[in-house]
Every structure is written in C-alpha cells, then in structure tokens.
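Data first, discussion second: the structure below is written as structure tokens.
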Amino acid sequence: MFPLGSLLERGMAWITDTLTKIRPISFVRKFQVILTAITLIIVTWMLAIPFFGQDKINLSQDGPYSEGKNALDKVVSTKDIVYEDEEKTKAKRLKAFQSAPNFFDRDYRVLIDIIRPAIQEDMEKYREPKPTGEVKTSAELLAAVPRWKNRSKEELELLLKTPGKSRVRDLVQQYSNLVFSNFCVLRDQPADYSAIRAAEARIRNSGASGNKEQISSVEGTLVIPRMYLYRDNATIETLNRLAAEKLQATDPQLLAVIQKLALTYVYSNPACTYNAEETKNQKQAVMDRTEPISSRINAGETIVKAGEIITPDIYQRMQIVNRYATRANIASIISILLIQSIFVIIVYAFLKKYNPKRLNDVSSNVIVFTLIWSLVLWTYLASKAFFSFENSYDSVFYFALVIPTGMVCLILSMIYDEQLSIAIGFFLSFFVFAASRYNPTSFILAFVMTVVAATYGRKMRKRIDFIKAGFYMALVQMLISSSGYLFDSRNYWVAVPSGSHLRDLWESNIFRLYLLCLVNGFVCSTLTQLLLPIYEYVFNIPTRFKLMELADTGHPLLQELLTKAPSTYTHTFLVAAMSERAAQNLELDWLLTRVGVYFHDIGKIPNAGFFVENQHLIPKKENIDKNNPAKAAKIVIDHVLDGIEMAKKARLPREVIDFIPEHHGTSTMAFFYHKALAELSPAQKKKLKKADFQYPGPKPQRKETAIVMIADSLEAASRSLEEVTPESLDTLITKIVNGKLAENQLDECGLTLGDLEVVKFSFKEVLLSSLHSRPKYPKPEDTKALEEKNKNILGKHAPKSH
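Now the structure itself:
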C-alpha cells in the first residue's frame, strides 16, 4: 500500500515545481493578459448585474397575466430590483405631513398696546369713587365700565367690596399675561383644526421687548379659537389649573371673578393668526425630506407560480418587474468595463515604475489573482446579504466593514512589498466602492485599510505582530467610521433611552459599529495567519517567517555542511555577516541575504576536500587530478549545479536558490584558466575554450546576490593579507569590486556607484572587526627563563622552585 503522506508530499512538490518553474517572459506576459481579462470579465459581470434586462410580461387585459386570471407560466425575476413602494411611501409622507408643526404668528403688541391699556383704563374707573365719596353701586360700576357688561350683579358687588383695588388690577393683568403667553388664541376656528391640535405648533412671537422675533414650540392643544376660552372643557380645566398655581394666595371667589375679567380682554383681542403659507411650505419640506420606503424583489424570486390566481398584489409586483425589465443597459456595462480597464492600466503603470520585475513569474501572478478573485467573490456574496430587503445593515454599518481588504493587502505585503500591495488594494477599493452602491465612506475605509495593511505588513516579525495588525486596522476603521457618521448625520445613540446606560450602550449604533470594526480587523489578521503558511508551502515563498525558519543553523543541509566542509561553513558565516551589514545599510532584504549566503556553497559538500579551504581538514587524497585545469574547472562548476539540485530537493525557495548561481555569475575561474594557458601544450591550447572556465551564470539579477558575489570573493582574498589595516582593506576591496565591474558582472543587478561605496564601507567595517591582528603570546619556557634571570630582583616575590 502506497503511503498517503508520501503521495501527498509528491503531489505538492509537483504543484510547487509547476507553479514556480522559470518560464520565458513572453509566456508570463500572455498568462498575465489572460488572468487580467478573466478578472475584468468577472468584476464587470458582478457590477453590471443590475443593468441586465428581462423580458417584459404581457399584462394587457386580454393577456395571459391580467389580474384575476390563472398565470400561464411561472414568472421569476432575473435580477435584484429595489423600488419605491408608492403606497407605503405615500402613507409615510402623509403621516409626516400631519405630524409636522403648524406655524402661527403672535403679536405681543396686542398685549402691550391694547389689552394692558384697556385693563388700566377700566381699573381707574373701577377704583374712582362717586363725587360724594360713596362707593359705587353695581349698576353704576357697570355703566362706568361697559366691557364688564357680562359680569353678574353678585360678581360686581364682590369687586366693589374687595379692599385693595390696586391688587385687583394687578391680578387681572397678571392672569391676562399668563393666558396670553400660555395659549395661542385665534379669532376663528381653522378648517383643519383637529389636525392642528394633534401636531406640534410653532409660534413666531413679535412685538415683545427688544423687537426681536422669537419662535416657541407648544403642544397643538394650546392653540385655540377664542370661543374655547369658555366652551372647551379641556381648555377651561387648564385655565383653572393655571390660575390655581400662579395666583395661590387669592380668595377662590375673587379668583373666579378675576379669571372672567382677564378672559374678557383676551377674548376681545385675539393676538394669534394661522400662517397657512409657511405651514404649507414647512410641511412640504418635511414631506420632501421623508425617505421613500423601498421594497425589494430579489433575483430568482418567484413572482407568480404557474396556475396561480393573479391577485392585485401579484399584478402590482409584475408591473414593477416590467418597469425594470428594459433591455440590458449596454452603455452602463461598457462604462463599468472601461473604468475597470483604466484602473488596471494605472496599477500596471505603477508597478512598472516602482517594481518592474515583481510579476515576472507564473507563481506570483497566480498568488495575486487568486487573492483578487477571492475578495471579489466575498464582496459579491456579502453585498447580496448586506443589502437584503430583510435587514437594515446599511443604516448602521458601512459595507466595507464586512470586506477583508486588509487581509489581502497584509498577505501581499508580507509576500512581496508595499508597492504591489497598495496597487492591488487601490483596484479592490474601487470594486468595494461600487459594490457598496457608491458609498464614499466605504471607499475611504477600503483604501485606508490597504495603506495600513501594506505598510505594517512589511514590519511584521513576530506572531504578536498579527494581533497588533488587527488592533491597528480596527482602530483606523473606528476613526473613519466615526467621521462617516458625522458626515452622514447618523445617530450614534439610541433614539429613546431606556434608563440603563449599559443597555443603551449595547443597543447603540456606535457600539455595534465599533464592534464590527474590531471583528473586521482581527478577522483580517487571523485569516492572514491561517492562509500565509499555505501560500508559503504551495508556492515555496520566502516570507520573513519562512526565512527565519531557514536561518536556523540546525537545518539538515547546514549541519551537513558543518560536518563535511567545516571551513566552508566558517567562510559562509563571515560572508553572511559582511553581506547582511551591506544589505541593512542599503535598506535591502537583509534576512533573505543572510539565508541566501547560508546555502550559497552547499554544492561543495559532495567534493568538500577539493576546495582549498577544506584541504587541510580532509587529509585523504581526492580522486581528482588537480593538475588538469579543465577537469578541475568542471568540478568547481559542478558545485554550483550540485548546489542547485540539493536546494531544489530540500524545497528551498527559488529566491534563496538564486544565490547559488548568481553569486558566481559568469565570472572566469582565473586560477585554472591561467594555469591552462601556462601549462597546456600547443595542441591542447587549440581546443581550449574560455567558456569552459566560466561559471554558467546568470549574472546577479538583484542587489542582494551582487553583494554576496563581492563578499564571497573578498572574504577569500582577505585571508591572503599579511597585515590587516584600513588601507590594505581599502586596496583589496577596490580591487575586487573593480574586477567584477571589469567582467561586467554587476550590469544587471541595479547597484549604483553610490551603492557600491556603501557596500565597500560595510565590508571594511566587518572585516576590520573580524580580522584584527592579535598580540603574539610568549612561550612558557621563555617566561620561565626570564623569571630565573630576574630572581634576585624579584626577591621574596620570586616564584618558588619545585
């Protein structure tokens, strides 16, 4: 029985080899075009679904789908339709119209210029005695004050008997002021008075002190026609309660008379008028601001079944389907395709400028496009649920908060770099924007998440960084969502507080919004942590976590190198120190540089004793004729080829394997080539080819491998220095670098002359600290002889002889 584990491992190895196989650039470009075309088609189709058409239904009276008939066939909506429910919207707007406040004008000049002077005038006559000094009779008082004609004889006599007539005047004025201020008294009853009483009233007060208009809001029941002062029980009850509260110290009988007198003046001079024009305008504005009620018919939803009776409701829904059942809006679909194409061109131009070699292999394109497709599919499915008619998520949340844009950009940033991550994130942000029904806050959320994930992803080194990344993404989303709430004037808190702060917080929009921000941030970081190892394994990607695993000196290949070629092992670590320092100073991938150096000479393991650094440790004779330059050169070349095969067998990432051939480039093995020219016979020289003494290459394709090329040659050459000084190192480093430049080995790596100066300084710094000269320690016998010679001088401190 074939082991399942071995079969799985072989299968994964085949997939990895297929995906990571080096192919011509022309093939990769064609592959990119195909993947891009597929992406454009998928994205355009998903965004253009609302613009696809549907055949119209025959709803004519003689047609098969007229009201009351049995449906001829099943009718299904082919797309999502969100439409305004006219009946519900009409009812909602009517309710808003009726509940909107009514507007009135109240002129305080009536109180100041008419009512108060009239009260003052009548009270003067009331207080004025007869010429004889006697008190007036009720008849005489009524003749003097005609406005009190409706008062009874008993009421007038009570007034005449009341001492302190000035207080009566003050009470009448005070109560008339209270009635005037608390009620809006109209002359006549408006036609729609019942609706006025049910709604709020806004009263514009004019003519008061300061001549500044003020608007007050009161209940509609406090707006009354003047007849209600005497005929409406609720109004009379309110008037009595007002008198009892504000004029408490007054005799009840007198208070009743005071009320009637004050109401006489208010009744005769109503100060409020109904502002019908402003009321109409304001109510219309409220109606216009009232959002229509939307209903939804989902794609695939059955409108009517075959044979089912077509009710008025079903007939209305079929009318809605017909309203949206126009032919596909080709112009809209083409515009979406063009916009997507423009974004693709922008992304391509950005990547070509900042990292032209980033997507020059099949595996990178597969990684990028599978991530894009995954997010596009997630976004499409999420939009179906988020904007479903059954919920109101979009009134509380922003659509971008359910899309893991940060996950995609974190993965891309950790596998590649910020530039690629931001470029792809920019494209995806627009897709999220379109899927969110063009909500600007969702676009900002998606794009800022792109930037945060891309920039922080490159700094992640430890597992705790995944938690930090989730927190940072959540925090940024909270800030942007809060800004969106302010911009959209959304309600943060509950509309009606329950009295419990904890319960109100739990049910508030802001709590649910922040909770979703936290969930999104940590879902993105968690998914990244789960998916990254899969991408690492399938595509053999040298992420920082993978490189840290490979940097472990316990790796089987490094242990074998230590055992079989210990001097090569030592050489490797000094070259690693030099190369890593230069990479750090140039802000390159120093971890990749270190790991690349660790494995750059593993091809020497099979024939370790042939190489000069190991010959003193492996005394047995090698089965190699070192006096045959061509054969020796082939062995040296084979260590490159053997190293590549060993690295592939160990499933090292391609970026690490590249260090094995590129650190030699196509340089010539000068020692063996010179020996061949010097020692071979003329006949042998005719067959001599310089290419046989050159490494197979390629030349260094990136700065990191070029640095290792120089460091490898320099470390070996530095061992021949008789004296290690800054000057001798400067001379040696310059010689090595000039030699590589002369052979054109650095033409394709991107190192500038300025970079080379940094590299030289870095190498010199490491070599000075590693190859510093040490003092020559004396032999023990020489020290003993000196002690004997100076025995007399040392005296008692002289060492004792044994």
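For what it's worth, the UniProt record's numbering labels the leading residue of the sequence shown as 1, then goes sequentially.
Glycine is no exception: its CB is placed at the ideal position from the N, C-alpha and C atoms.
Just so we're clear, the structure is a prediction, and the values are computed from it rather than from any experiment.
- Item | Local conformation of residue 389 per DSSP, three classes | Unreliable positioning characterises residue 389 in this predicted model, as indicated by a pLDDT of 49, which lies under 50. A coordinate reading is not provided.
- Task: Would you kindly report the start and end of the unbroken beta strand (DSSP E) that includes residue 450?
- Result: Element bounds for residue 450: not the beta strand (DSSP E) but the alpha helix (DSSP H), 440 to 457.
- Task: Would you list, in sequence order, the uninterrupted beta strand (DSSP E) runs of no fewer than 3 residues that lie entirely inside the stretch 269 to 313?
- Result: Under the rule that a run must span 3 or more residues, the beta strand (DSSP E) segments found entirely inside the stretch 269 to 313 read 272 to 274, 294 to 297 and 302 to 304.
- Cα separation between residue 18 and residue 291? One C-alpha to the other measures close to 57 Å.
- Query: Between the stretch 576 to 585 and the stretch 524 to 544, do three or more beta carbon pairs fall short of 8 Å?
  - Reply: Not touching, per the Cβ criterion.
- What are the partner residues of residue 107, as DSSP defines its beta bridges? Under DSSP, residue 107 takes part in a beta bridge, and its partners are 206.
- Item | Beta-carbon gap between residue 141 and residue 158 smaller than 8 Å | Their beta carbons are not under 8 Å apart, which means residue 141 does not touch residue 158 by this criterion.
- Could you say which of 377, 569, 241 and 118 lies nearest to residue 267 if we only look at CA atoms? Nearest option by C-alpha distance: 118.
- Measure how close the beta-carbons of residue 762 and residue 736 come, nearest whole angstrom, since I'm counting them as under 8 Å. Wrong, their Cβ atoms sit about 14 Å apart, outside the cutoff.
- Item | Buried or exposed by the 16-neighbour rule on C-beta atoms within 10 Å, applied to residue 420 | So residue 420 counts as buried.
- Item | Cut-off 8 Å between Cβ atoms - residues of its own chain near residue 318, not counting five sequence neighbours on either side | The beta carbon of residue 318 sits closer than 8 Å to the beta carbons of 57, 59, 65, 75, 303, 304 and 310 from its chain, once the five residues preceding and following it are set aside; these are given in chain order.
- Item | Cα-Cα separation, residue 94 to residue 289 | Between the C-alpha atoms of residue 94 and residue 289 there is a straight-line separation of about 12 Å.
- Extent of the continuous alpha helix (DSSP H) to which residue 86 belongs: Its alpha helix (DSSP H) spans residues 86 to 99.
- Query: Can you find a CB in chain B that lies within less than 8 Å of the CB of residue 641?
  - Reply: Here chain B cannot be found, since the structure has a single protein chain.
- Whole-Å CB distance - residue 46 paired with residue 376, under 8 Å assumed: Right, their Cβ atoms sit about 7 Å apart.
- Task: To the nearest angstrom, report how far apart residue 336 and residue 81 are at their CA atoms.
- Result: Straight-line measurement puts the Cα of residue 81 at about 19 Å from the Cα of residue 336.
- Give every residue of the same chain whose Cβ lies closer than 7 Å to the Cβ of residue 188, excluding the five residues on either side of it in the sequence, and list them in chain order. Its chain contains 225 as the residues whose beta carbon lies nearer than 7 Å to that of residue 188, once the 5 sequence neighbours on both sides are disregarded; these appear in chain order.
- Query: From residue 42 to residue 718, what distance separates their C-alpha atoms?
  - Reply: Those two C-alpha atoms are separated by around 59 Å.
- Message: In the DSSP output, what is residue 225 paired with across the bridge?
- Response: DSSP output for residue 225 lists 186 as bridge partner(s).
- Collapsed DSSP secondary structure at residue 597 in the structure displayed: Correct three-state label for residue 597: helix.
- Query: Short check: CB of residue 471 to CB of residue 343, under 8 Å?
  - Reply: Result no, Cβ atoms of residue 471 and residue 343 do not sit closer than 8 Å.
- Task: Decide if the stretch 88 to 107 is in contact with the stretch 242 to 261; the criterion is three or more beta carbon pairs, one per stretch, under 8 Å apart.
- Result: Result no; under three Cβ-Cβ pairs closer than 8 Å.
- Query: Going straight from the alpha carbon of residue 163 to that of residue 129, what length do you get?
  - Reply: Annotation: residue 163 to residue 129 spans about 13 Å, alpha carbon to alpha carbon.
- Task: With a threshold of 16 other CB atoms inside 10 Å of the CB of residue 491, please say whether the residue is buried or exposed.
- Result: Here residue 491 is exposed: its Cβ has fewer than 16 other Cβ atoms, across all protein chains shown, within 10 Å.
- Exposure of residue 687, with buried meaning 16 or more beta-carbon neighbours within 10 Å: It is exposed - the Cβ of residue 687 has fewer than 16 other Cβ atoms within 10 Å.
- Query: What's the gap between the Cα of residue 13 and the Cα of residue 555?
  - Reply: One alpha carbon belongs to residue 13, the other to residue 555, and they sit about 19 Å apart.
- Cβ of residue 813 within 8 Å of Cβ of residue 659? No statement about residue 813 is possible, as the shown extent of the chain runs from 1 to 802 and does not include it.
- Message: Using 8 Å as the cut-off, can you tell me whether the stretch 726 to 736 makes contact with the stretch 677 to 693, which would need three or more C-beta pairs spanning the two stretches below that distance?
- Response: Remark: fewer than three beta-carbon pairs, one from each stretch, lie closer than 8 Å, so the stretch 726 to 736 and the stretch 677 to 693 are not flagged as touching.
- Message: Tell me the rounded alpha-carbon separation between residue 592 and residue 707.
- Response: Cα to Cα, residue 592 sits roughly 12 Å from residue 707.
- Are the Cβ atoms of residue 528 and residue 466 separated by less than 8 Å? Yes, these two residues count as a Cβ contact at 8 Å.
- Message: Quick check: the Cα distance between residue 676 and residue 457, rounded to an integer number of angstroms?
- Response: Each residue's alpha carbon lies about 53 Å from the other.
- Message: Per DSSP, what are the beta-bridge partners of residue 214 in this structure?
- Response: Residue 214 is bridged to 205.
- Query: For the alpha helix (DSSP H) that residue 669 lies in, which residues bound it at each end?
  - Reply: Residue 669 -> no alpha helix (DSSP H), and no H or E assigned at all.
- Message: Less than 8 Å between the C-beta atoms of residue 115 and residue 176, yes or no?
- Response: It is a contact, given that the beta carbons lie within the stated cut-off.
- residue 65, DSSP secondary structure in three states: Here residue 65 sits in coil by DSSP.
- For residue 83, three-class secondary structure by DSSP: Looking at residue 83 - three-state DSSP - the assignment turns out to be strand.
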